[in-house]
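Those letters in the sequence shown? Residues 7 to 483, per our numbering, in order.
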Amino acid sequence: MKYISTRGNAPAKTFTEILLGGLAPDGGLYLPEQYPQVTRTELDAWRNLSYADLAFAVLSKFATDIPSSDLKALINKTYSAQVYNKGRADSDASQITPLRTLEPGVHILELSNGPTLAFKDMAMQLLGNLFEYALAKQHDELNILGATSGDTGSAAEYAMRGKRGIRVFMLSPNGKMSAFQRAQMYSLQDPNIFNLAVNGMFDDAQDMVKAVSNDHAFKAKYKIGTVNSINWARVSAQVVYYFKGYFSATKSNDEQVAFSVPSGNFGNICAGHIARMMGLPIGQLILATNENDVLDEFFRTGVYRPRGTDHTYETSSPSMDISKASNFERFVFDLVGRDGAKVREFWNKVDSGGAFDLKGSTYWDSLSKFHFASGKSSHQDRLKTIRELWEEYGVMVDPHTADGLKVGLEQRRPGLPLICLETALPAKFAETIQESLGRNPERPTVLNGIENLPQRCEVINADVVKLKAFITANVPD
Ligand SMILES: *Cc1c(COP(=O)(O)O)cnc(C)c1O
Numbered sequence: 007m008k009y010i011s012t013r014g015n016a017p018a019k020t021f022t023e024i025l026l027g028g029l030a031p032d033g034g035l036y037l038p039e040q041y042p043q044v045t046r047t048e049l050d051a052w053r054n055l056s057y058a059d060l061a062f063a064v065l066s067k068f069a070t071d072i073p074s075s076d077l078k079a080l081i082n083k084t085y086s087a088q089v090y091n092k093g094r095a096d097s098d099a100s101q102i103t104p105l106r107t108l109e110p111g112v113h114i115l116e117l118s119n120g121p122t123l124a125f126k127d128m129a130m131q132l133l134g135n136l137f138e139y140a141l142a143k144q145h146d147e148l149n150i151l152g153a154t155s156g157d158t159g160s161a162a163e164y165a166m167r168g169k170r171g172i173r174v175f176m177l178s179p180n181g182k183m184s185a186f187q188r189a190q191m192y193s194l195q196d197p198n199i200f201n202l203a204v205n206g207m208f209d210d211a212q213d214m215v216k217a218v219s220n221d222h223a224f225k226a227k228y229k230i231g232t233v234n235s236i237n238w239a240r241v242s243a244q245v246v247y248y249f250k251g252y253f254s255a256t257k258s259n260d261e262q263v264a265f266s267v268p269s270g271n272f273g274n275i276c277a278g279h280i281a282r283m284m285g286l287p288i289g290q291l292i293l294a295t296n297e298n299d300v301l302d303e304f305f306r307t308g309v310y311r312p313r314g315t316d317h318t319y320e321t322s323s324p325s326m327d328i329s330k331a332s333n334f335e336r337f338v339f340d341l342v343g344r345d346g347a348k349v350r351e352f353w354n355k356v357d358s359g360g361a362f363d364l365k366g367s368t369y370w371d372s373l374s375k376f377h378f379a380s381g382k383s384s385h386q387d388r389l390k391t392i393r394e395l396w397e398e399y400g401v402m403v404d405p406h407t408a409d410g411l412k413v414g415l416e417q418r419r420p421g422l423p424l425i426c427l428e429t430a431l432p433a434k435f436a437e438t439i440q441e442s443l444g445r446n447p448e449r450p451t452v453l454n455g456i457e458n459l460p461q462r463c464e465v466i467n468a469d470v471v472k473l474k475a476f477i478t479a480n481v482p483d
């Protein structure tokens, strides 16, 4: 299996060759030359597999240059009940992603039972093991530099902690995260994890990361890399749970289902799109946004118009507060019949602050072939959905999952079983749960008292020189 760029101007590469990198050299994103197809016989054989065995079956089709026995060992180490046991008291950790049925035909797929209580652990935990494996083979090292306002940074740290050949330098805005989020990240004592609390806002931290990455000599000398959501291995790992959710919610492979997906950077739902292209019987992919509705706007009107940070709202489902969806280009590549020149033309407009409009083109007509639906959800919708779920089913959901449920129930085609992806646990968002239910969220018992653990973090000013000095001091020559 080779990977090609969505902009059509980069040499084809293998899974391992693109594993540690980011964008293709032409600025595009990598995708398989052709999506591997899953036959009906395979689907039947996969139906009763454990999560780890299913992950091996799916990922063997993508990571074709990793020896099977190595891939199997990495996957078995990743998808174990000991890693994904932070869910609700009655969740079955051996399922890794248990399906919770609210009523016949309405389900929640629990993707948030990993170490940081968010679905990003599903892919990031595998990435940690893949990175360690690949770096050991190449006798190389990697220093991951990132900025976070919560979810992604902690998922990366929990995936990379204790891994040989890897260090993580994670910047976060000093005093701007919740006590729980701070405790989650700063209580890690692993010597390869460095938390840097920046005196400033998230954007200041982000700018510092960009400044270091733009210093190509420094970046090369100190082997600086990232783990952002465009990483292909992350997307491919997410394909697995669409299969798992489908098998859990259906009795036979003749049935179709709808998935609803709380979306931000389009990474999660892009994996659903790929699962459908591989032959999984998905009748509908329902994309849910919050007030930051660039993607809903596209699926309703054909116009993709990213917004500036000054038009990005801070909402109570903060992990969906995006103005530009970094993985969306992958879907558009398929939508335009894999015409790299067309993608270049569109992203020339997007990268210079503009928009593109598909309405009236043949691409707009072919959109229906991909079975997407979309909708948006507001703060009031979230509060209402959280309350209704709690009252009707005794199930507490987080604000992001509430967005997915609201839009999913609104948009589902009658007759299709609905599987809503749970992207975080309510314990992470106590303030909104309080506002909706007047009580605190349940917290996995293993995380009780996490705020009282000793914390390890370095406070620095928003100064790139200071950041480089810190990295230099902590990376041996
Ligand atoms: C990252 C995240 C999302 C958005 O997922 P994308 O892959 O960026 O679309 C939704 N909910 C939660 C809780 C997240 O952490």
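Ideal Cβ positions, reconstructed from N, Cα and C, are used throughout, including at glycine.
DSSP lists no bridge partner for M7. In this structure, A203 sits away from V470, with a CB-CB distance that is not shorter than 7 Å. Between E147 and K169, the C-beta spacing is not below 7 Å. In the assembly as shown, Q244 is a buried residue. Its beta-carbon has 16 or more other beta-carbons within 10 Å.
For Q144, the enclosing alpha helix (DSSP H) starts and ends at K126 to Q144. For the pair G134 and D127, the CB atoms are not nearer than the 7 Å cut-off. Distance from the Cα of W396 is smallest, within the candidate group L364, R445, S235 and Y57, for R445.
Counting along the chain, K216 sits inside the alpha helix (DSSP H) bounded by residues F208 to N220. Where R306 is concerned, there is no enclosing beta strand (DSSP E), although the alpha helix (DSSP H) around it starts and stops at V300 to T307.
When secondary structure is reduced to three states using DSSP, V44 falls in the coil class, being assigned neither helix nor strand. Counting the other CB atoms within 10 Å of its CB gives S374 a total below 16, which places it among the exposed residues.
Straight through space, the alpha carbons of F337 and P405 are spaced by roughly 26 Å. In terms of CA proximity to K330, G360 leads the group L177, L459, G360 and V342.
With 16 or more other Cβ atoms inside 10 Å of its own Cβ, D409 counts as buried. Given a length threshold of 4 residues, each whole run of the alpha helix (DSSP H) inside the segment 350-428 is given here in chain order: 368-372, 385-399 and 405-417. For Q244, there is no enclosing beta strand (DSSP E); the enclosing alpha helix (DSSP H) has its first and last residue at W238 to A255.
Pairing H377 with R46, the inter-Cα distance amounts to about 20 Å.
Ligand 1 never approaches F352 closely enough for any of its heavy atoms to be under 6 Å from the residue's Cβ. Under the three-state reduction of DSSP, N205 is assigned to strand. The distance from the Cβ of R13 to that of R350 is about 5 Å, consistent with a contact at the 8 Å cut-off. For E437, the enclosing alpha helix (DSSP H) stretches over residues A436 to L443. Assignment of Q190 by DSSP, reduced to helix, strand and coil, places it in the helix class.
If you draw a straight line from the Cα of E416 to the Cα of T391, it is about 12 Å long. Assignment of Q88 by DSSP, reduced to helix, strand and coil, places it in the coil class.
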